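Contents: one structure, followed by commentary.
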Amino acid sequence: MDIEHLRKKYQKKDNSIYNGKKIQDLLSILYHENTKFDKFTLREQGEELGLFRSQYITERSIQPFKIYNGNKKISLNTFLNNSNNNDSFLKIINNRRSLRDYDPNYKISLNELFYLFYHSYGITKKSKIPDTDYILGLRNVPSAGALYPLEIYSSLFNSQITKGLYHYQDKDNCLELIKEGDHVEELRKIINAEPYVNIKNASGIIFITGLIERNSIKYGERGYRFMLQEVGYASLLISYLLEYLSLGSCIVGSCIDDKVNEYLEIDGVFETIHAIIVFGKKKEE
Ligand SMILES: Cc1cc2nc3c(=O)[nH]c(=O)nc-3n(C[C@H](O)[C@H](O)[C@H](O)COP(=O)(O)O)c2cc1C
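All you need for our numbering is the position in the sequence shown, starting with 1, plus 34.
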């Protein structure tokens, strides 16, 4: 799809509050549009991925290493046994592994949701901008220019609070109910996770979206790269927080993008889905 088609397609959806014209011309919006899956390209990609089961690919995928053959090497292994394996921070980061099935009887509490959202993308520090009266809210995730282009949503279907789609509102540290209801069946159709990830048993799904204009107004096209980097930082922090809470998660890479955007009630151009994290309680072993 070229940018002219794109502009026409989304003419009525421009909810840009900044410099609409400048943002509409972004190649990164065009790039993003061209990497979206619809239900056909999703299937096509699935078939292509099947080819990845060849021996050559398997051998290649178990050695993603760059080695400087013949160069001097200083081993770090002597510290392996000395490092403090009981250190709580190291335990959390070393134990994080993708979790694909969950305890169906577990209902996540509001307190756990607080930990998840506040400590990932909540405002944990306030800072006065020098020579102004403005106060900037800083988060535990670093952000290029402190522009914070991300928004966090969660669909909850096994939780102690009303089932539905929520938006984490960082300004007041609260969950805003967007729509009530059990959406698990709808989500199973538009997120390509099964049979590997058991969405039905999960507590819910976290969605990270990005508003390109928040970054591009300062950084232009490069702002898109910064936004994607920040999605990575936020996703990993959320994964670690879940580990801290004795819960677990799996990031899911494929979905029918615009169906997810519609589900989240976002325009899909200026605000788009970037990461999907299925989360829930570990099953007792
Ligand atoms: C961007 C991204 C997309 C992923 N998509 C999927 C997915 O669709 N389904 C799945 O089961 N795992 C998915 N994963 C999880 C990876 O398979 C997993 O991280 C990898 O196998 C390493 O295992 P570990 O997370 O347990 O350490 C994804 C991970 C990332 C970072």
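All residues carry an ideal CB built from backbone N, CA and C; glycine is no exception.
Keep in mind it's a predicted model, so treat the numbers as computed, not measured.
Is N53 helix, strand or coil when you go by DSSP?
-> With a pLDDT of 48 at N53, under the threshold of 50, the predicted position of this residue should be treated as unreliable, though the coordinate-derived value follows. Of the three classes helix, strand and coil, the one that applies to N53 here is coil, per DSSP.
Classify L83 as buried or exposed, calling it buried when 16 or more other Cβ atoms lie within 10 Å of its own Cβ.
-> exposed
Pick out whichever of E299, K223, I246, G257 has its Cα sitting closest to the Cα of L76.
-> Closest option to L76, judged by alpha-carbon separation, among E299, K223, I246, G257: K223.
Would you report the Cα separation of I212 and Y102, rounded to the nearest angstrom?
-> 53 Å
Of the residues N174, S188, S189, the one placed nearest Y182, counting alpha carbons only | N174
Status (buried if at least 16 other CB within 10 Å, exposed otherwise) for F99 | exposed
Test item: CB-CB of N232 and Y297 under 9 Å = no
Within this structure, are the beta carbons of L184 and V265 separated by less than 9 Å?
-> yes
Rounded to a whole number of angstroms, what is the C-alpha to C-alpha distance between K234 and S283?
-> 13 Å
Cutoff 8 Å; reference D292; Cβ partners in own chain excluding five residues on either side | K70, D72, G302
Cβ neighbour criterion (16 or more within 10 Å) applied to G257 | buried
Excluding the five sequence neighbours on either side, which residues of its own chain have a C-beta within less than 8 Å of the C-beta of L279, listed in chain order?
-> E146, Y149, L150
Should N29 be listed as close to ligand 1, given that the test is whether its C-beta is under 8 Å from any heavy atom?
-> Any property of residue 29 remains undetermined from this structure, which presents the chain solely from 35 to 319.
Is DSSP giving L221 helix, strand or coil here?
-> Helix at L221.
Straight-line CA distance for T196 to L172?
-> 30 Å
Bridge partners of Q203, per DSSP?
-> Beta-bridge pairing links Q203 to C208.
Beta-carbon gap between H153 and L281 smaller than 9 Å = no
Apply the 10 Å Cβ neighbour rule to S109 and answer buried if 16 or more other Cβ atoms are within range, or exposed otherwise.
-> exposed
Could you check if R134 is buried or exposed, using at least 16 other CB atoms within 10 Å of its CB as the buried criterion?
-> buried
So is the beta-carbon of S132 under 8 Å away from any non-hydrogen atom of ligand 1?
-> yes
Beta-carbon proximity list for D216, same chain, < 7 Å, skipping 5 on both sides | F191, K197
Nonlocal neighbours in the same chain, by C-beta distance under 8 Å from Q203, ignoring five residues either side = L209, E210
Report the three-state DSSP secondary structure of T166 (helix, strand or coil).
-> Three-state result, T166: coil.
Quick one: Cα of I295 to Cα of V218, how far?
-> Here residue 295 turns out to be Asn, not Ile, going by the sequence shown. Their backbone Cα atoms lie some 16 Å apart in a straight line.
Burial state of K252, where buried means 16 or more other Cβ atoms lie within 10 Å = It counts as exposed.
Identify which residue in Q194, I142, N249 has its Cα closest to the Cα of A180.
-> N249
Excluding sequence positions up to five away, which residues of its chain have a Cβ less than 8 Å from the Cβ of K317?
-> D135, Y136, D137
Would you list the residues sitting across from V312 in a DSSP beta bridge?
-> Bridge partners of V312: I239, C284.
When we look at the beta-carbon of N111 and count the other beta-carbons within 10 Å, is it buried (16 or more) or exposed?
-> exposed
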